[in-house]
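Read the structure below first, then the notes.
Protein chains: 2
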Amino acid sequence: MTRAQLVANIFAKRSYLCVGLDTDSTKLPDHLREQPNAIFQFNKAIIDATKDHCVAYKINTAFYEAAGVKGWEAMEQTADYIPATHFKIADAKRGDIGNTASQYAKAFFETMQFDALTVAPYMGADSVRPFLEYTDKWTILLGLTSNKGAEDFELQKISRSAGGHTGATVAAVEEEFLYERVIKKGLDWGTDKNLMFVIGATQQDAIFRIRSIAPNHFFLVPGVGAQGGSLKEISQSALLPDGGLLVNASRSVIYAGEGEDFAVEAAAIAHQYAYEMDLYL
Amino acid sequence: MTRAQLVANIFAKRSYLCVGLDTDSTKLPDHLREQPNAIFQFNKAIIDATKDHCVAYKINTAFYEAAGVKGWEAMEQTADYIPATHFKIADAKRGDIGNTASQYAKAFFETMQFDALTVAPYMGADSVRPFLEYTDKWTILLGLTSNKGAEDFELQKISRSAGGHTGATVAAVEEEFLYERVIKKGLDWGTDKNLMFVIGATQQDAIFRIRSIAPNHFFLVPGVGAQGGSLKEISQSALLPDGGLLVNASRSVIYAGEGEDFAVEAAAIAHQYAYEMDLYL
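Going line by line, the protein sequences match chains F and Y. First residue of the first sequence: 1, per our numbering; consecutive thereafter. First residue of the second sequence: 1, per our numbering; consecutive thereafter.
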């Protein structure tokens, strides 16, 4: 899906909601749990109920892998079932050396037909570029994530004058956060038509700064809902004239209800997010 | 597998070789390619032929995911087939927020019975700890990887006096590489009985420094063979009295031959590595 198509969908729906299919086989409603292929049945009902309120779905691969081969089958079925009108994200956070990254790209962009894949930056350029070679697909690079652990490395300061220090101390140097360096490197590697960044909604203090570094790129924003980030704040800080945001909600939507009407309750929450997004657009 | 068991295997075999099963369905020998379940048939032959020369197998998940559900099945079958005497590594480089990391841990430590999983550090403590909660399993954290992209972030210097700088410049500060910070944090999170580090064999200049930071931990060392690292140098720099190294070779072993005798040729290369390792132990 091109940026123009994604933007058209956002303005047609007046929503930039991404529904996260973090489908945990142990949390399915009782009436589904014993059914064959329960994970896919659950996802199908969620997709049918929420598709008018969102523009994207994000499959969190971990939940499917935990169920083994059956889970991987359910992931493939779900990816197939997501309508072509919706942006299809595999949240897999893959990252490895070039020949291995090429295999991950094949898995998610060819064997399965995702529009986008989340990618971890630690291993650098040659671990990211194989994904960007698919020019009709999107790479979504981890920038500043929503979790507390972001403090351990992402929010550490690195020197801007890189590579030249051999001693243990240096004179005064300009510094930037690791996540800023990652975003800046990403800007060199991809374009605003094939690269997005993951920016956690809980990182409100940094949003303006991040938007100034990447003024034209889409951000995929987790952390609204169960993790406590504010939809209003992230929207007011980072929306672009053409949208520029996909805000993800997983648990708060898909587990809104526990009974037979779980999909109706999921739709109600998705509708509520979309209603609020309409105000900000 | 405990450290004591792994060490006993290393000294019984006089080998610290890990054979990497990066099995690419497009590179199988002609006579296997048309067979049902060709990936597993290939792996089975490689395992049968090499098991006397190695103490570990490493499954690179990307190559299996690229083949979809059939690939995932072949991965599960292969993991089941690896003898219990051999340390079983899933090279998956997973990393995500806590509730998602727990699902990855379930996938590789419960649904499949791997001994160890490679984990990416970017997202910090809460993305790594769920793996370490399995006290009878191993987390193998990326430290300094073998690829050129290691320069982009891993080999960037970060300030040691972290968190206190709000301005753009600071006075003289002590610095360390990001990968060093990752290893030191790892030492806080796990022990030398449930945590290893990935250290690329191509990073020879840094090996002494890394060994001094983590004097008791096992390193999983890729980069020998196709990537050009030296077995001799890494062994002389980083072996411990109880071993302390698992040196991986993937392509150089499993693609040693292309014909019907591919497994025999793989065994010859594995034997050659083990012969050399015997000298260093």
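We treat Cβ as the ideally placed atom computed from N, Cα and C, and that holds for glycine. The structure presented is a predicted model; accordingly, all values stated were derived computationally and were not measured.
Of all residues in the region 44-59 of chain Y, none places a beta-carbon less than 9 Å from a beta-carbon of chain F. Per DSSP, Y/SER230 lies in no beta strand (DSSP E) and is assigned neither H nor E. Here F/GLY186 is buried, its C-beta having at least 16 other C-beta atoms within 10 Å. Residue contact with chain F for Y/TYR255: absent (no Cβ-Cβ distance below 8 Å to any residue of chain F). Chain F places no beta carbon closer than 8 Å to that of Y/PRO130, leaving this residue out of the contacts. By the rule that beta-carbons nearer than 8 Å mark a contact, F/ALA107 touches chain Y. Contact annotation, Y/VAL69 with Y/GLY95: C-beta distance approximately 24 Å; criterion of less than 8 Å not satisfied. For F/PHE262, the closest alpha carbon among the candidates F/LYS27, F/LYS13 and F/GLN204 is that of F/LYS27. Contact of F/GLU151 with chain Y is assigned, a C-beta pair being separated by under 8 Å. By the CB criterion at 8 Å, F/ALA274 and F/LEU17 fall inside the cutoff. For the region 111-124 of chain Y, the set of residues with a beta-carbon nearer than 8 Å to any beta-carbon of chain F comprises THR111, MET112, ALA120, PRO121, TYR122, MET123 and GLY124, in chain order.
If you ignore the 5 residues before and after F/ARG209, its C-beta comes within less than 8 Å of the C-beta of GLU180, all in its own chain and listed in chain order.
Between Y/GLY149 and F/GLY124, the CB-CB gap stays under 8 Å. Residue nearest to F/PHE42 within the set F/ASP52, F/TYR57, F/ALA56 and F/SER25 is F/SER25 (criterion: CA-CA distance). In the displayed model, Y/TYR275 falls within a helix according to three-state DSSP. Within chain F, no residue has its beta carbon less than 9 Å from that of Y/ILE39; the closest one is some 12 Å off.
When DSSP states are grouped into helix, strand and coil, F/THR111 belongs to the helix group. Assignment of F/ILE47 by DSSP, reduced to helix, strand and coil, places it in the helix class. The shortest CA-to-CA distance from F/GLY223 to any of F/VAL198, F/PRO241 and F/GLY243 is the one to F/VAL198. In terms of Cα proximity to F/THR61, the closest of Y/ASN99, Y/LYS88, Y/THR135 and Y/GLN35 is Y/ASN99. Annotation note: the region 125-160 of chain F contains the following uninterrupted alpha helix (DSSP H) runs of length 4 or greater, listed N- to C-terminal: 125-132. Looking at the backbone, the Cα of Y/TYR57 and that of F/SER212 are separated by about 46 Å.
Put simply, the backbone Cα of Y/LYS184 is about 21 Å away from that of F/LEU144. Contact of F/TRP138 with chain Y is not assigned, every C-beta pair being separated by 8 Å or more.
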